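K.L.:
In order, the protein sequence lines correspond to chains A and B. Counting in full-length UniProt numbering, the first sequence runs from 1 upward without gaps. Counting in full-length UniProt numbering, the second sequence runs from 1 upward without gaps. Have a look at this one.
There are 2 protein chains.
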Amino acid sequence: MTEQAAPRRRGRPRGGSDSRERIIAAAVDEFGEQGYEASTIRAIATRAGVDSALVHHYFGTKADLFAEAVGIPMRPDVDVPGILDGPRDEVGERLVRYVLESFEQPEVRRRGVMLMRTAIGSRLTTPLLAGFLSRELIGRIAKRLAVDDAELRATLVASQIAGMLLTRYVLKLGPIAAATVDELVTRVGPTVQRYLFD
Amino acid sequence: MTEQAAPRRRGRPRGGSDSRERIIAAAVDEFGEQGYEASTIRAIATRAGVDSALVHHYFGTKADLFAEAVGIPMRPDVDVPGILDGPRDEVGERLVRYVLESFEQPEVRRRGVMLMRTAIGSRLTTPLLAGFLSRELIGRIAKRLAVDDAELRATLVASQIAGMLLTRYVLKLGPIAAATVDELVTRVGPTVQRYLFD
Chain A
1 MTEQAAPRRR
11 GRPRGGSDSR
21 ERIIAAAVDE
31 FGEQGYEAST
41 IRAIATRAGV
51 DSALVHHYFG
61 TKADLFAEAV
71 GIPMRPDVDV
81 PGILDGPRDE
91 VGERLVRYVL
101 ESFEQPEVRR
111 RGVMLMRTAI
121 GSRLTTPLLA
131 GFLSRELIGR
141 IAKRLAVDDA
151 ELRATLVASQ
161 IAGMLLTRYV
171 LKLGPIAAAT
181 VDELVTRVGP
191 TVQRYLFD
Chain B
1 MTEQAAPRRR
11 GRPRGGSDSR
21 ERIIAAAVDE
31 FGEQGYEAST
41 IRAIATRAGV
51 DSALVHHYFG
61 TKADLFAEAV
71 GIPMRPDVDV
81 PGILDGPRDE
91 VGERLVRYVL
101 ESFEQPEVRR
111 RGVMLMRTAI
121 GSRLTTPLLA
131 GFLSRELIGR
141 IAKRLAVDDA
151 ELRATLVASQ
161 IAGMLLTRYV
171 LKLGPIAAAT
181 VDELVTRVGP
191 TVQRYLFD
């Protein structure tokens, strides 16, 4: 792309009150499309219509900006305990529904897909996704199970949920991408239930 | 890395009988470490100790070389039909065991992990993994099931297998990375069995 073709908005060269939000949105797009390594602060600044210096000023390094950008608007720390504490024979279905209904929101899906792409695509950022899953999902579930193999059970749950999100939202494999939330809750819920309690 | 430090073997500058194999091995390493976008023919040539021109001569573009490099040494076209045709109540366990025992071979694991990383990390190469799964796994399974929802059932199987490989070999989440093949066959086999037949 030539300099001329880039969608710069030079009318407000630095520090507009919405610059921060524009930079975050541009970072989400850039990381999602290019992956972590190939993304540059310069390209993100161009997308946001600001100078690179402003990006560095607000967010520091590319790694700092990435960490900020992947703050996906889900609160498993708030939501998962309630799911686990409800009626026990429907925990699997409730957990699958919670994840899917979250990802049906465009902003969660966009950032979640970006996180999966970048984290899996690069050795540098893989620990970011592994850490997120371990801390926010597996750790919270294992703590409630209170059995010897709680960590393995919770990790198996994570494996099915990660595989479901990957095939539905990233690989977009036909039948699983086309299925309704209800249908997937019915099919995948019992798997999660069995990993947790059987 | 400086020019000097690169492990070039200039004694045989072009067309040695093993150059082709060295280039493939170098491509597997480079794609696996850098991802598709950040990998270059030049870096692959340097790793292989040959000139870039020789890489282009043998393999054409980066995309062509990638396609060649991901030819992972598994033959689902040969193996999966036999798994599906054996005793029906153990199909799930046999399928999980087949995938895990394949990935326990270092050469399969190395290339399989590279394929997952690059395909998920980049929009350009995502269709490569989706196509592989659809053609080699989902298509073959669905054809044997001969029920209305065979494609969805086979895709759910793919979702669990992809999630298992991702969490064990790429994210390396503790308990699933440490589990034995037998333990995972026991835990995950029934999931696959249920998706196929229940």
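No residue lacks a Cβ here, since even glycine has one placed at the ideal position from N, Cα and C. Please read these numbers as outputs of a predicted model, since none were measured by experiment.
#1: Using the Cβ count rule (16 or more neighbours within 10 Å means buried), how would you classify B:Thr186?
#2: Here's the rule: buried if 16 or more other CB atoms are within 10 angstroms of the residue's CB, otherwise exposed. What is A:Gly92?
#3: Who are the Cβ neighbours of B:Gln160 in its own chain at under 8 Å, not counting the five residues just before and after it?
#4: At 4 residues or longer, what runs of the alpha helix (DSSP H) sit wholly inside the stretch 154-197 of chain B?
#5: Using only the alpha-carbon positions, how far apart do B:Gly121 and A:Thr118 sit?
#6: Does the contact criterion of 3 or more C-beta pairs under 8 Å hold for the stretch 132-147 of chain B versus the stretch 124-139 of chain A?
#7: Taking only runs of the alpha helix (DSSP H) that begin and end inside the stretch 94-162 of chain B, which ones reach a length of at least 4 residues, in chain order?
#8: Considering only the alpha carbon of each residue, which of B:Gly112, B:Val170, B:Leu124, B:Glu68 lies closest to A:Leu171?
#9: Where does A:Asp64 fall in DSSP's three states?
#10: How long is the line joining the alpha carbons of A:Ile24 and A:Glu183, rounded to whole angstroms?
#11: To the nearest angstrom, report how far apart A:Lys62 and A:Met116 are at their CA atoms.
#12: Under 8 Å, do B:Leu156 and A:Ile176 count as touching if we go by C-beta distance?
#13: Residues in the same chain with beta-carbon distance under 7 Å from A:Glu104, minus the five sequence neighbours each way, listed in chain order, please.
#14: For a contact defined as C-beta to C-beta under 7 Å, what are the partners of A:Val80 on chain B?
#15: When you compare each of B:Phe59, B:Ala150, B:Val80 to B:Val96 by their alpha carbons, which one comes out closest?
#16: For B:Glu151, count neighbouring Cβ atoms within 10 angstroms of its own Cβ and tell me buried if that reaches 16, exposed if not.
#17: So, is B:Thr46 buried or exposed, given that buried needs 16 or more other C-beta atoms within 10 angstroms?
#18: In its own chain, which residues sit with a C-beta less than 7 Å from the C-beta of A:Glu107, not counting the 5 before and 5 after it?
#19: Between the C-alpha atoms of A:Pro198 and A:Leu84, what's the straight-line distance to the nearest angstrom?
#20: Whose Cβ in chain B lies nearer than 9 Å to the Cβ of A:Lys172?
P.N.:
In brief:
#1: exposed
#2: buried
#3: Val188, Thr191, Val192, Tyr195
#4: 174-178, 181-197
#5: 6 Å
#6: no
#7: 106-121, 126-132, 139-145
#8: B:Leu124
#9: helix
#10: 34 Å
#11: 17 Å
#12: yes
#13: Val181
#14: Residues of chain B passing the Cβ test: none, with the nearest at roughly 17 Å.
#15: B:Val80
#16: buried
#17: buried
#18: Pro73
#19: A quick correction: the sequence has Asp, not Pro, at residue 198 of chain A. A:Asp198 and A:Leu84: Cα-Cα distance of roughly 15 Å.
#20: Thr126, Ala130
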